[in-house]
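First to last, the protein sequences are chains F and B. Here the first sequence is numbered in the working numbering, starting from 443 and rising by one per residue. Here the second sequence is numbered in the working numbering, starting from 68 and rising by one per residue. For each residue, glycine too, the CB sits at the ideal point set by N, CA and C. Every value quoted in this text rests on a predicted model; they were computed, and no experiment measured them.
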Amino acid sequence: MSQNIIELREVSKSIHGHDVLYNINLEVRNGEFLTLLGPSGCGKTTLLRLISGFEQPTTGKIFINGKDVAGLAPHLRHAHTVFQSYALFPHMNVVENVAFGLRCQKLPKKEIDERVAEVLKIVKLEKYALRKPEQLSGGQQQRVAIARAVVNRPLVLLLDEPLSSLDYRLRKTMQIELKQLQRKLGITFIFVTHDQEEALSMSDRVVVMQEGYIEQIGTPRQVYEDPQNLAVAKFIGEANIFDSEIVGMDGKQITVMIQGKQRMVKSTRSFTVGQKVYLLVRPEDLRVWNAEEAGDTSDMLPGVVEEVIYKGTTVDLMVRLTNNKLVAATKFFDEDDDRLEYKIGEPVWTTWSPGWEVVLPHEE
Amino acid sequence: MKNENGLKYFSLSVIWIWLIIFALLPFLLVSIVSFLSHDENHLIRLPFTLAHYIDLNNAIYLKIFEKSFYLAGLCTIICLILGYPFAYAIARMENHFKSLFILLIIIPFWTSSLIRTYSMITILKPKGIINSVLLWLGIIDKPLALLYSDIAVVIGLIYNLLPFMVLPLLTNIERLDNRLLDAARDLGANRFTTFRKITLPLTMPGIISGSILVFLPAMTIFYIPDLLGGSKSILLGNLIQNQFLVTQNWPLGSAISIVFTLLLGFLLFIYWRTMRGKEHGNLI
Ligand SMILES: Nc1ncnc2c1ncn2[C@@H]1O[C@H](COP(=O)(O)OP(=O)(O)O)[C@@H](O)[C@H]1O
Ligand SMILES: [Mg+2]
């Protein structure tokens, strides 16, 4: 218990008789950067509102810092929210916005001034103290929103898509700033995004959500390299998915049949012979050879280059396999492999190193 | 692009022409008339004179001005107190209920305001609905003299003008971002603080435009004091009307109108000055 700052136990939520969240079990560790990742409408905001106290769960319990928070008002939960598109008070300047929470607590003026000044320094907004929100850039507004929340010294900061309204470059900068800020403050961040790249690059752990369910919780590496199911695999990054069937199980040695070729795969799961499975191979793991390079092609899949997309540091190939399936392969430029010249229409062999695939059972 | 600009200039010039013909020109005519003389045989005649303005500095007229301000102000405040919670409730409703209520507010406009004011007589008169109900309930033992009193005038004004308060408030409150209220709550503001620090300042433009839309007609609608206030109740509106239609002293009526217009212009100017620089200073 002591490790977890927030726990959700079998929480579900329906709004107007419409089920939004189902059986959510979640443990948030003290001091971690946790990201809720999922497509728009999957219930991320609702989950955040349950934690912050704006909504009450239909069933289940929520614990913050070991205490059941059922019925507790938002400002008493030690969890403050940075709202989607910030919700700064437009008629107040930066200082008034940031001091709002402290003034509601009726703290002495001196203490308010000190704490506001301290927080503004942390978010580097001292110079903008007297500006109105509309006179600030998107990134600065974002920092005001964070300052307004952290000045109350919460244990947890809840951030609802704080970067989604910023342009690409600013978003990259703010990602780093947010990460640094979290380390400096040492408090738990629960961060919401629908951008998988953002989730992977920023989080200690990622919670992948889909249509009101938690599909998987894990480190960025776990959810990327070992997705629990097809939905997670498809949502986190690009993936080539091959239909396949188990033809041999000999201890840890698994043999599958794929497009008429047998090959060895590795998995920690257990399967039965004859079971239908998906093989999942990330584009950067897929190798593409031409006829001379290929060598032994007994477990390789033949195809034809259909598209070559030059991307600066990488080249993306689209290969049409003989069963008409289109697969993607990403090749990095490096000195050992200077042959990155592919011609459209060129016949090639595709393969990958055994063990670099993920074997997933068919879902009912 | 050029076409778009053309359209812009066209609509702008239509608005300007409209304003010149229907606002500036009449105002100029009234101003000129207010400086002309008047006698038994002529509605207006030369020479120019300031006499009517000097006449206005008379205790009776000042009293009427004062009373009109007082009643119109009272009516505006009551409309605000009644209209604000009403507009707030409607603004927060689900969409289909919302349109129904907005329709209900607008329906009375389909009947002439004059007719609706006449019908109020039947409600307010000694044997009218209000008195009958109160008598029947035993709250009073003889009918109240509601009709032909200032109370009747204020009730009539409120009834006629309440929608002008509700509609601008409604649009303003609807635009209020719910997340701001959530944010205030998250920071520990109770309902009262949230209202005072967030809702009220952010709906001030609606409050002010609603108040202007109620106050101006409340000062000058002449048939409501005429019908409901009886002969005793002379307000600015019927004072002006009497000068034109009863005593036929056009220059005096014009002078009163001009003083009144300048006064209101001055008030609007003050409002504009205090709102300038504030981004929320736009009306409605
Ligand atoms: N107040 C509400 N009334 C009805 N449906 C709602 C309400 N709030 C959220 N929902 C529904 O709940 C689902 C999840 O919404 P939300 O939590 O906002 O998703 P996300 O933040 O992941 O985009 C959506 O299908 C949405 O339509
Ligand atoms: Mg959302």
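Check	Outcome
PRO604/F, DSSP secondary structure in three states	coil
GLY485/F CB to nearest heavy atom of ligand 4 below 7 Å	Of the ligands one can find in the structure shown, namely ligand 1 and ligand 2, none is ligand 4.
Contacts that GLY480/F makes with chain B (C-beta to C-beta distance below 9 Å)	None at all; the shortest Cβ gap to chain B is about 21 Å.
Bridge partner(s) assigned by DSSP for HIS517/F	None, per the DSSP bridge assignment.
PRO789/F beta carbon less than 8 Å from that of VAL730/F	no
Three-state secondary structure (DSSP) of ARG585/F	helix
Cβ distance (whole Å) where LEU202/B is taken to contact PRO193/B below 8 Å	That belief does not hold up - the Cβ atoms of LEU202/B and PRO193/B are roughly 10 Å apart, past 8 Å.
C-beta neighbour in chain B for PRO516/F, strict 8 Å	yes
DSSP state of PHE505/F mapped onto helix, strand, coil	strand
Paired residues, beta bridge with ASN682/F - DSSP	VAL723/F
Below-8 Å beta-carbon distance, GLN638/F vs any chain B residue	no
Residue from GLY277/B, SER276/B, THR238/B and ILE218/B with nearest C-alpha to LYS299/B	ILE218/B
Within 8 Å, strictly: CB atoms of ALA285/B and LEU228/B	yes
For MET644/F, the first and last residue of its enclosing alpha helix (DSSP H)	638 to 644
DSSP beta-bridge partners of ALA771/F	LEU759/F
Below-8 Å beta-carbon distance, ILE457/F vs any chain B residue	no
Per DSSP, the bridge partner or partners of GLN658/F	VAL650/F
Minimum Cβ-Cβ distance from ARG258/B to chain F less than 8 Å	no
Identified DSSP bridge partners for ASN807/F	Not covered by the structure: residue 807/F. The range shown for chain F is 443 to 806.
Inter-residue Cα distance where the pair is LYS130/B and PHE176/B	33 Å
Residues sharing a beta bridge with LEU446/F, DSSP	A small fix is needed here, since residue 446/F is Asn in this sequence, not Leu. Bridge partners of ASN446/F: ARG471/F.
Inter-residue Cα distance where the pair is MET742/F and VAL650/F	33 Å
Assigned exposure category for ARG263/B - 16 Cβ within 10 Å defines buried	exposed
Chain F within 8 Å of ILE169/B, Cβ atoms only	no
Near ligand 1: HIS458/F beta-carbon under 7 Å from a heavy atom	yes
At least three beta-carbon pairs within less than 8 Å, the segment 650 to 663 of chain F to the segment 456 to 469 of chain F	yes
Contact set between GLY255/B and chain F, taken where Cβ atoms lie within less than 7 Å	HIS517, GLY543, CYS546 and GLN547
Beta-carbon spacing of VAL524/F, LEU601/F below 8 Å	yes
Three-state secondary structure (DSSP) of GLN695/F	strand
Minimum Cβ-Cβ distance from ALA250/B to chain F less than 8 Å	yes
Residues of its chain near LEU763/F, where Cβ-Cβ distance is below 8 Å and the 5 sequence neighbours each way are ignored	GLN701, LEU743, PRO744, GLY745, VAL769 and THR792
Bridge partners - VAL634/F, DSSP secondary structure assignment	LEU478/F and ASP602/F
Residue(s) in a DSSP beta bridge with LEU211/B	Looking at the DSSP assignment, LEU211/B forms no beta bridge with any residue, so it has no partner.
Beta-carbon proximity check, LEU463/F vs THR501/F, cutoff 8 Å	no
Per-residue DSSP class, three states only, for GLU241/B	helix
Short CB-CB distance (under 8 Å) between ILE274/B and chain F	no
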